[in-house]
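What follows is one structure encoded as C-alpha cells, with my remarks underneath.
What follows is the structure in C-alpha cells.
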C-alpha cells in the first residue's frame, strides 16, 4: 500500500472545492429555518428590524426586513451555494457569500442581536455558534475569491474584448 503524495498542485485544485462545499452546507442547512420562518429566524430578523426602526434613514425598510429578511437572505444564500458548486461561477458565488455573511457579522456585532443568539422561546442561547459559523464562512469565501481571482480577470477581459469588436 502506497501513501498518496499531497502536492501543492493538489491542494490548489481541491482546497477551493472543500471550502465551497463547507459554505454551501452551512447555507443550505439554514434554509429550513429561514424558509419555514422558525422562531430563531423570527427572533433574528425581528431584532434587526426593531433596531432598524430606531434609525431614521432605515425606518422605511424595518418592517419589511423583519417580515421577509429570512426569505430574502435565504434566497441569496441558495443562489450563492449553487454558484459555489459550479467551477465557472465559484468566484461569483464566493463574492455573494462574502457579501451576505459580511452583513450577518455586522448585525451580530453592531446591533442588539449580539454574538450569542436566542434560539428558542425559553430564551436559550447558542453560545456564539451561529456567529462562529459566519466568521468561518467569511474567511472561506474570501479565500475562494482570492484563489479564483483569475476568473474575474478572464470574465472582465472577455467582456472587454467583446465590446471592442
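In this note's numbering, the protein residues as written are 123 to 287.
Cβ atoms here follow ideal geometry from the backbone N, Cα and C, with glycine treated the same way.
For clarity, every value in this text was computed on a predicted model and none was experimentally measured.
Below 8 angstroms, how does it come out for the segment 214-227 and the segment 250-270: are there three or more Cβ pairs, yes or no?
Counting Cβ pairs under 8 angstroms, three or more are found: they touch.
Three-state secondary structure (DSSP) at residue 247?
Three-state result, residue 247: strand.
Using CA coordinates, which residue listed in 159, 160, 188 is at the minimum distance from residue 173?
Of the candidates 159, 160, 188, the one whose C-alpha sits nearest the C-alpha of residue 173 is 188.
Any idea if residue 132 is buried or exposed, counting beta-carbon neighbours within 10 angstroms, 16 or more meaning buried?
By the neighbour-count rule (16 or more Cβ atoms within 10 Å), residue 132 is not buried but exposed.
Beta-carbon proximity of residue 275 to residue 212, cut-off 9 angstroms:
No.
Would you report the Cα separation of residue 161 and residue 248, rounded to the nearest angstrom?
Straight-line measurement puts the Cα of residue 248 at about 13 angstroms from the Cα of residue 161.
Buried or exposed (CB count within 10 angstroms, at least 16 for buried), residue 178
Residue 178 sits exposed, since fewer than 16 C-beta atoms from the chains shown fall within 10 Å of its C-beta.
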